[in-house]
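Just so you know, the sequences run in chain order A and B. The numbering of the first sequence is the numbering used here, which starts it at 1 and goes up by one. The numbering of the second sequence is the numbering used here, which starts it at 1001 and goes up by one. Using N, Cα and C, we set each Cβ at its ideal position, and we do this for glycine too. This one's a predicted model, so the numbers in the text were calculated from it and none came from an experiment. The structure under discussion appears below in the form of structure tokens.
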Amino acid sequence: MTSIRGAGKTSWGRGLCAAIAMTAAMGGGHAFAQTEITMWSNWPDEPAKKEWVTARVKEFEAANKQCTVKLSFIPKADIYTQAKSAVRTGQAPDIFYMEPDQPEFLAGGFLEPLDGYIDLNGLEDWAKPAWTSKGKVYGVPVEAYTVELYYNKDLVKKVGVDVPASFQLTQAQFTDLVKKGVAAGITPVSQGVGDRPFPGGQLLFESLLRKLGPDDYMKLLNGELSFKDPRVQEVMTFVKELVDAGAYPKSFSTLKLGESHFYFYNSPGALTFPDPSWFTGRAFAAPEKGGMPANFPLGIMKFPAMDKGACPNCKTLAVAGSFVMYSKGKNKDCAGALLKSMANAENGTKWISEVSLQSGLKSDPAKIVSPHKAYFDELNARNKDVTYFFGTPLLYYRAKCAETYIQVMNNAFPAGLISVADAAEKMDAACLKK
Amino acid sequence: MPDAISLRTTAKSGEAKASSRATLADPRRATRLVLAIFLGPALLVYCGLTAYPAFRTIYDSFFTIEGMDATFVGLANYRDLMGDETFWVAVRNTFIWSFVAPVIDVATGLLLALALYAGVPFARFLRVAWFTPVLLSYVVVAILWMWIYNYDWGVLNVMLRAVGLGDLASSWLGDPNLALAAVIVTHAWKWAGFNMVVCLAAIHSLPKEVLEASDLDNCGWGAKLRYIIVPMLRPTLLSLYILSFIGKMKVFDLVWIMTQGGPLWATETVSTYVYKRAFNWNTFDLGYPSAIATVWFLVVCAAVIILNRVLGSRERLEY
Chain A
1 MTSIRGAGKT SWGRGLCAAI AMTAAMGGGH AFAQTEITMW SNWPDEPAKK EWVTARVKEF
61 EAANKQCTVK LSFIPKADIY TQAKSAVRTG QAPDIFYMEP DQPEFLAGGF LEPLDGYIDL
121 NGLEDWAKPA WTSKGKVYGV PVEAYTVELY YNKDLVKKVG VDVPASFQLT QAQFTDLVKK
181 GVAAGITPVS QGVGDRPFPG GQLLFESLLR KLGPDDYMKL LNGELSFKDP RVQEVMTFVK
241 ELVDAGAYPK SFSTLKLGES HFYFYNSPGA LTFPDPSWFT GRAFAAPEKG GMPANFPLGI
301 MKFPAMDKGA CPNCKTLAVA GSFVMYSKGK NKDCAGALLK SMANAENGTK WISEVSLQSG
361 LKSDPAKIVS PHKAYFDELN ARNKDVTYFF GTPLLYYRAK CAETYIQVMN NAFPAGLISV
421 ADAAEKMDAA CLKK
Chain B
1001 MPDAISLRTT AKSGEAKASS RATLADPRRA TRLVLAIFLG PALLVYCGLT AYPAFRTIYD
1061 SFFTIEGMDA TFVGLANYRD LMGDETFWVA VRNTFIWSFV APVIDVATGL LLALALYAGV
1121 PFARFLRVAW FTPVLLSYVV VAILWMWIYN YDWGVLNVML RAVGLGDLAS SWLGDPNLAL
1181 AAVIVTHAWK WAGFNMVVCL AAIHSLPKEV LEASDLDNCG WGAKLRYIIV PMLRPTLLSL
1241 YILSFIGKMK VFDLVWIMTQ GGPLWATETV STYVYKRAFN WNTFDLGYPS AIATVWFLVV
1301 CAAVIILNRV LGSRERLEY
């Protein structure tokens, strides 16, 4: 009896052990194999971009059952601030949003080279340098843009200015447009710097690029050419004349980027709107969500050609929203696999189709299907035969020089608070290499 | 019947228990173990969240920290700070905030308290209404006032235009000559209610005999305020001034949301500059911002001591 009971107990015990082992092998094994990675993305308020990121993450999760993604959409400024603390303490997300104008993350060794994780052939060749350091690529450049000059066709016509077939006004014609707009009580240039460090400098620096040409413009941005250079002074004087004529809204200093969109295509309306081509992120949202009205007479013209300019067909091209991998992350396999799944021509095509914005990912123009085809055709036409200059001023300016650019060139100068001489003096003091 | 020895033993045991109870009841007689048990958690929190970060900030100020590497640089950060033009602009702005704004805050609070004390109509409603801004977060207050100050449709400019003073309509936060004042007014609006409540409590605690005596002497409101109420409220007003002063020496939130220190550094404060140097400077270096924070910590301590000495009354009012 004892032995039988014992045998029975042993048998029951073995069965229990086997059941536990099987449960562990199934459930426990499943839990062990599934890795959760964290990802911080920008664009909480830009539906098309948000949907693109969400779709890529869902596709990845469906194809990789062993990986799950905890995806958060956080405003860009908050991502930078939080990431700066988090990378030091090992708490940063596995993948996070970053733009090339934050080089300190790369310099500090907090970014993982992606060469071993993604197929670099999925990236545009012109976009790779933005994230290349010492021969390695550190970011997936999803979002790219050119700096464009949008305009309201009806209002420009209403004030009596005909945009030429070249879609490029001369200096004098642009000044005339501004003065006619002011006389008609229409704000010539919708722009605000209430929440961004760059919009106020767009008209000036795009004009400087066309005046100086890429080489000297590069010198200016690298602190090797003075803002007191006569050519730079000429352009600054031209812009100052526009400012003094009333080119910008009176609320320029506090007007936010989103508000400047509304200002341009809703109320009170403006003749032009210098903006990177990510304009579409807000403009192509539904009108009830602050997007552009369906019948808005949108046009794209070139920035004005400078008198005796070295490069009238120059234009700024830049990489913006990208995704990077944290070098001290614990789930690099899953994180790398996610980035790999994003970095291909198919997704580049989807980005362009869905977001209506250029991408640093390769794409197949034949497969782009967009409800905004007319817009894309016009954008492509304005980008035909142009000479691209890579990077905006804040990609080059650092520390005190960047802060001076933000305070002086982005804000005070276009707001009419400072003279040409004072602005040049301050920029040289902060940026010019002695 | 208990004998004498057992009575003594019982008495001693009773004394010991009483002593033990007294020890627990009176912290001055508590043993070190008891003190440690009661103080330990609080001290731990204080050390971890206040003392350590403060000392670590001072320690970091002698280093340049790039990524995970710290390099000892001695007093170099302090030397650089002395020649940093933006730092001195921030110091000037912060001093203007700290010395001027508390006067506005306290005066406004006192006036509102006097209005309530005098029994203005709807006093109960006004007391709540005036105190409400204190309960709002800086973010809400900042956004509210950014709308008020908006050039195109802000209520301030709309009112000016409506009464024919359109020429005075300004970009309140965009003009370097107006921006600091505009932000100070916003700050005063937020804190007026707090000062009002404290002043009102202090006024109510004033001895009625003195005020009634002044009424008997036909003392008018102005004279009563000048010669009786304000002198008797002096300790309260001084405390409010110093509290306000300390708060303004560290002001950050409101400025950051409304102007981020602009335009042309017109509203830059030491706190916003520390933040910019720590998080917006394309560097991970915490050494330099730590040096600014250390210097400013010492300045705040010194200023409070000096203010206490200068403004503190040696005469003590007895009533």
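Residue burial classification, residue i (beta-carbon count within 10 angstroms, cutoff 16)
| i | result |
| --- | --- |
| LYS426(A) | buried |
| SER341(A) | buried |
| PHE1125(B) | exposed |
| GLU99(A) | buried |
| LEU440(A) | Lying outside 1 to 434, the shown extent of chain A, residue 440(A) is not represented and no answer is given. |
| ARG1029(B) | exposed |
| CYS1301(B) | exposed |
| PHE1072(B) | exposed |
| MET325(A) | buried |
| TYR1052(B) | exposed |
| GLY29(A) | Caution applies to GLY29(A), whose pLDDT of 44 falls short of 50 and renders its modelled position unreliable; the model cannot decide the point. |
| LYS1208(B) | exposed |
| GLY27(A) | Residue confidence for GLY27(A) is low, a pLDDT of 46 falling below 50, so the modelled location carries little weight; the figure read from the coordinates is stated next. With fewer than 16 Cβ atoms within 10 Å of its Cβ, GLY27(A) is classed as exposed. |
| THR1132(B) | exposed |
| SER1167(B) | Sequence check: residue 1167(B) is Asp here, not Ser. Per the 10 Å Cβ criterion, exposed. |
| THR23(A) | For THR23(A), the pLDDT reaches just 48, beneath the cut-off of 50, and the residue's location in the model is therefore unreliable, although a value from the coordinates is still provided. Result: exposed. |
| ALA1188(B) | buried |
| THR1094(B) | buried |
| PRO188(A) | buried |
| ILE1305(B) | exposed |
| TYR1046(B) | exposed |
| HIS261(A) | buried |
Chain-ordered chain B contacts of residue i [CB-CB under 8 Å]
| i | result |
| --- | --- |
| GLU403(A) | THR1086, LYS1276, ASN1280, TRP1281 |
| THR254(A) | MET1146, TYR1149, ASN1150, TYR1151, SER1171, LEU1173, GLY1174 |
| GLN202(A) | By Cβ distance, chain B contributes nothing, its closest Cβ being about 18 Å from GLN202(A), past 8 Å. |
| LYS250(A) | TYR1151, ASP1152, SER1171 |
N- and C-terminal bounds of the beta strand (DSSP E) containing residue i
| i | result |
| --- | --- |
| PHE323(A) | 322–325 |
| PHE252(A) | Element bounds for PHE252(A): n/a, residue is neither H nor E. |
| GLY139(A) | 139–141 |
| GLU1066(B) | 1063–1066 |
| ASP275(A) | 270–276 |
Chain-ordered chain A contacts of residue i [CB-CB under 7 Å]
| i | result |
| --- | --- |
| ASN1077(B) | Near ASN1077(B) there are no residues of chain A at all, since even the closest Cβ is about 14 Å away, more than 7 Å. |
| SER1066(B) | The sequence shown places Glu at residue 1066(B), rather than the Ser named in the question. The answer, in chain order, is GLY108. |
Interface residues of chain A facing residue i [CB-CB closer than 9 Å]
| i | result |
| --- | --- |
| PHE1284(B) | LYS84, VAL87, ARG88, GLU104, PHE105, ALA107, GLY108, PHE110 |
Chain B contact residues for residue i, given Cβ-Cβ distances below 9 Å
| i | result |
| --- | --- |
| ALA412(A) | PRO1176, GLY1262, PRO1263, LEU1264 |
| TYR398(A) | Residue identity check: residue 398(A) is Arg in the sequence provided, not Tyr. Ordered by position in chain B, the residues that pass the 9 Å Cβ test against ARG398(A) are TRP1281, ASN1282, THR1283. |
| ILE186(A) | Chain B residues near ILE186(A): none, gap ~14 Å exceeds 9 Å. |
| LEU417(A) | GLY1174, ASP1175, PRO1176, PRO1263, LEU1264 |
| GLN191(A) | Per Cβ cutoff of 9 Å: no residues; GLN191(A) is ~13 Å from chain B at best. |
For residue i, the first and last residue of its enclosing alpha helix (DSSP H)
| i | result |
| --- | --- |
| PRO1231(B) | 1230–1249 |
| TYR151(A) | From DSSP, TYR151(A) is part of no alpha helix (DSSP H) but of the beta strand (DSSP E) over 144–152. |
| THR392(A) | From DSSP, THR392(A) is part of no alpha helix (DSSP H); its letter is neither H nor E. |
| ILE1305(B) | 1287–1311 |
| PHE174(A) | 171–183 |
| ILE37(A) | That residue, ILE37(A), is in no alpha helix (DSSP H); its beta strand (DSSP E) goes 35–41. |
| PRO214(A) | 202–221 |
| PHE1099(B) | 1085–1117 |
| ASP307(A) | Looking at the DSSP string, ASP307(A) is not in any alpha helix (DSSP H), and its letter there is neither H nor E. |
| VAL189(A) | That residue, VAL189(A), is in no alpha helix (DSSP H); its beta strand (DSSP E) goes 187–189. |
| LYS70(A) | Premise fails: LYS70(A) lies in the beta strand (DSSP E), 67–73, not in any alpha helix (DSSP H). |
| ASP1069(B) | Not the alpha helix (DSSP H): ASP1069(B) falls in the beta strand (DSSP E), residues 1069–1072. |
Under 7 Å from the C-beta of residue i: neighbouring residues of chain B
| i | result |
| --- | --- |
| LEU432(A) | Residues of chain B passing the Cβ test: none, with the nearest at roughly 16 Å. |
Discussion item. For the segment 79–112 of chain A, list every residue whose C-beta sits within 9 Å of some C-beta in chain B, in sequence order.
Written reply: TYR80, THR81, LYS84, SER85, VAL87, ARG88, ASP101, GLN102, PRO103, GLU104, PHE105, ALA107, GLY108, GLY109, PHE110
Worksheet entry | Contact set between the segment 1152–1185 of chain B and chain A, restricted to residues whose Cβ is under 8 Å from the partner | ASP1152, SER1171, LEU1173, GLY1174, ASP1175, PRO1176
Worksheet item: Residues in the segment 1257–1268 of chain B with C-beta within 7 Å of chain A's C-beta atoms, listed in sequence order?
Response: GLY1262, PRO1263, LEU1264, TRP1265
Fill in: the segment 1127–1153 of chain B: positions lying closer than 8 Å to chain A by Cβ
MET1146, TYR1149, ASN1150, TYR1151, ASP1152
Worksheet item: Counting pairs of beta carbons, one from the segment 143–151 of chain A and one from the segment 316–332 of chain A, are three or more of them closer than 8 Å?
Response: yes
Worksheet item: Are the segment 1108–1121 of chain B and the segment 208–218 of chain A touching by the rule of at least three beta carbon pairs closer than 8 Å?
Response: no
Practice prompt. Quick one: which residues of the segment 200–232 of chain A get their C-beta closer than 7 Å to a C-beta of chain B? List them in chain order.
Written response: none
Discussion item. Any contact between the segment 150–162 of chain A and the segment 364–375 of chain A? By contact I mean 3 or more CB pairs, one from each, below 8 Å.
Written reply: no
Item to complete: Below 7 Å between beta carbons is the criterion; list the residues of the segment 347–360 of chain A that meet it against any residue of chain B, in chain order.
Response: none
Worksheet item: If we count Cβ pairs, one from each stretch, closer than 8 Å, do we get three or more for the segment 394–408 of chain A versus the segment 225–234 of chain A?
Response: no
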